[in-house]
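Working notes for the structure below.
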Amino acid sequence: MRLFKYLLALIVLAIGALWSLQGIGVVGGSFMTGQSQWLYIGIVTMLVGFVGLVWASRSPG
């Protein structure tokens, strides 16, 4: 179960990073490219993923 929690948190973290990079225009090819709101949405999503990693590491199993 802990592995599932880690994987889910890492996926959320990666999606947040992608959205942030699209928001600042580093990653192109999407309607999100260059839209600053996606930078902020991505940062919040990365924070949720980081909290999920902390939670997964502290949970008993």
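Using my numbering, you'd call the opening residue of the sequence shown number 1 and step up by one each time. By construction, the Cβ of each residue, glycine as well, lies at the ideal position given by its N, Cα and C atoms. What you are looking at is a predicted structure, and each value in this text was computed from that prediction instead of being measured.
Option in Ile43, Val51, Gly23 with minimal Cα separation from Ser36:
Checked all of Ile43, Val51, Gly23; the closest Cα to Ser36 is Gly23.
Sequence-distant residues of its chain with Cβ nearer than 6 Å to Ala9 (five each side left out):
Gly49, Gly52, Leu53, Ala56
Check each candidate in Ser59, Gly42, Phe31 and name the one with the smallest Cα separation from Ala17.
Gly42
May I ask you to report which of helix, strand or coil DSSP gives Gln35?
coil
Look up Ser78 in the DSSP assignment and say whether it is helix, strand or coil.
Residue 78 lies beyond the residue range present for the chain, which begins at 1 and ends at 61; the question has no answer from this structure.
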